[in-house]
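Numbering (our numbering), first residue to last: 52 to 537.
Every residue, glycine too, gets a C-beta built ideally from N, C-alpha and C.
What you are looking at is a predicted structure, and each value in this text was computed from that prediction instead of being measured.
Written out below as structure tokens is the structure these notes cover.
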Ligand code: CU
Ligand code: CU
Ligand code: CU
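Here's what the structure looks like:
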């Protein structure tokens, strides 16, 4: 075999073809000192753990060690030795008990992102800190009317969240429908990103990357690089897509196939909506129906302009959340299957636009260059209402059983995806214009120099929890605050 020139290697690497070209020789070529993954393997899914008789008990051990990423041996974080961790499947009304074992060298904890469960005690309590070598027993009780949908889990130990999630700690949670939808199969697709050096170790982000929100060079589906999978013509698949990236937004397309969106986060639409593409901010999930048409289609992640500063970022000025290209390949082949029954229409979910409001709050995001003592590790300060996170300060107190309207004002030049724990938000206005359908999400993107208004029904759960920017570097740098419901 003729040696490959550096120039050709760079070209092939840029095209994502390098590992295919040299795969037979078993050589790990590197581009800019980065690991080149083995692409095109058969899609694998994380192990599934399912509740039985209303209970799911799992042990999740967070550890750093050898695992497989993009078909290569790497050294990163994982739950139970895999990236992503196991998929937890629950039903409304279930109890979930997680024994979290911390085998990391830093403290950690667990957040069940999007689940409507208590934030107190050993529930979804982000103030818990599990020290290295220690174990913590979480106990979550899902209400009987918990919305079905796709959720996820990840660490939430301030201020280590970006390092731990980017390093590999995340997994999917599915809350099943009371009646299964007529589909041929379901797939869980966890999209994440990471940067690995040639030896397969996680490369720490630069100061600038922290300020913008770190984005990995490798964008993975279920820990794999451009995996391949197949379906037969006419089959209807239900894809549960999680954007587990620490900061990256993705715009997903699957040209040549029919896409019907069931909902984003926990907000199922009454009827599926035909779409061409889906934009997921970090933390968002999509519940998507794919009706297979003969041919080969590429799941692509295209760029999203989430702003920038000082000429960094934005689709014109830089590479922040730019085009990734192919994420996976779907080959539709074989004999067509008989047509499936239509997806039943859901009874309309509650619409908070008609609700009586107990309060209106304005939250103002801020961002500046290291003024005063609160310099973030990225060289910038990130604030909500002029303050950085303080776990001992309660920023908002809400009355249980009321509905409030919140306007998030973002005067900064970057988008910030706003996440509230426990209670979903219904988007009622964007940039001052009313939204005229029901959209319920737990991560709501607030575009640069714009604002978004949501309504929240503070039901059921007393206690203290948080709201924050889901660009995890911003959260770690202080763009988070405390809410108490009582
Ligand atoms: Cu999250
Ligand atoms: Cu942010
Ligand atoms: Cu959070």
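- Rounded to whole angstroms, the separation of the alpha carbons of residue 249 and residue 503 is 42 Å.
- Going by C-alpha positions, residue 458 is about 46 Å away from residue 124.
- Within the DSSP bridge table, the entry for residue 447 names 534 as partners.
- Distances from the CB of residue 296 to the heavy atoms of ligand 2 are all 7 Å or more.
- Here the C-alpha atom of residue 291 lies approximately 13 Å from the C-alpha atom of residue 99.
- Here the C-alpha atom of residue 156 lies approximately 6 Å from the C-alpha atom of residue 183.
- Here residue 229 is exposed, its C-beta having fewer than 16 other C-beta atoms within 10 Å.
- In the structure shown, the three-state DSSP call for residue 336 is strand.
- Two segments are said to touch when three or more pairs of C-beta atoms, one from each, lie closer than 8 Å; by this definition the region 272-284 touches the region 375-382.
- Between residue 85 and the set 247, 112 and 382, the nearest pair of CA atoms involves 247.
- Contact check between the region 464-476 and the region 490-499: three or more CB pairs, one atom from each, fall below 8 Å, which counts as touching.
- Distance from the CA of residue 443 to the CA of residue 316, rounded to the nearest whole angstrom, comes to 29 Å.
- Taking a 10 Å sphere around the C-beta of residue 233, we find fewer than 16 other C-beta atoms and assign the residue as exposed.
- Residue 243 has 271 as its beta-bridge partners, per DSSP.
- Fully contained in the region 189-260 are the following beta strand (DSSP E) runs of length 3 or more, in chain order: 200-205, 222-226 and 236-245.
- By the neighbour-count definition (other C-beta atoms within 10 Å, threshold 16), residue 186 is an exposed residue.
- Residue 151 has 111 and 187 as its beta-bridge partners, per DSSP.
- Residue environment for residue 205: buried (at least 16 other C-beta atoms within 10 angstroms of its C-beta).
- In this structure, the CA atom of residue 491 is about 23 Å from the CA atom of residue 356.
- Between the region 438-452 and the region 390-400, the count of Cβ pairs shorter than 8 Å is below three; the stretches do not touch.
- Listed in chain order, the beta strand (DSSP E) elements of length 3 or more contained wholly in the region 459-489 are 467-471 and 476-481.
- Residue 256 counts as buried, since at least 16 other C-beta atoms from the protein chains shown sit within 10 angstroms of its C-beta.
- DSSP, reduced to helix, strand and coil, places residue 405 within a helical segment of the structure shown.
- The closest CA to that of residue 489, considering only 525, 320 and 528, is found on 320.
- Taking residue 464 as reference, the option from 477, 416 and 447 with the minimal CA-CA separation is 416.
- By the C-beta density criterion, residue 162 is buried, having at least 16 other C-beta atoms within 10 angstroms.
- Per DSSP, the beta-bridge partners of residue 348 are 381.
- 8 Å or more divides the Cβ of residue 212 from the Cβ of residue 295.
- Judged by DSSP in its simplified three-state form, residue 526 adopts helix.
- Your pair residue 203 and residue 293 checks out as a contact, with CB atoms roughly 5 Å apart and the cut at 8 Å.
- If you check the C-beta of residue 177 against ligand 3, you find a heavy atom less than 7 Å away.
- A distance filter of 6 Å between CB atoms and the heavy atoms of ligand 3 selects the following residues in sequence order: 162, 207, 470, 472, 517 and 519.
- As computed with DSSP, residue 414 is found in a beta bridge with 459.
- At a cut-off of 7 Å, the beta-carbon of residue 122 does not count as near ligand 1: no heavy atom of the ligand is closer than that.
- Taking 7 Å as the cut-off, one finds at least one heavy atom of ligand 1 near enough to the beta carbon of residue 164.
- Relative to ligand 2, the beta carbon of residue 522 is positioned inside 7 Å of a heavy atom.
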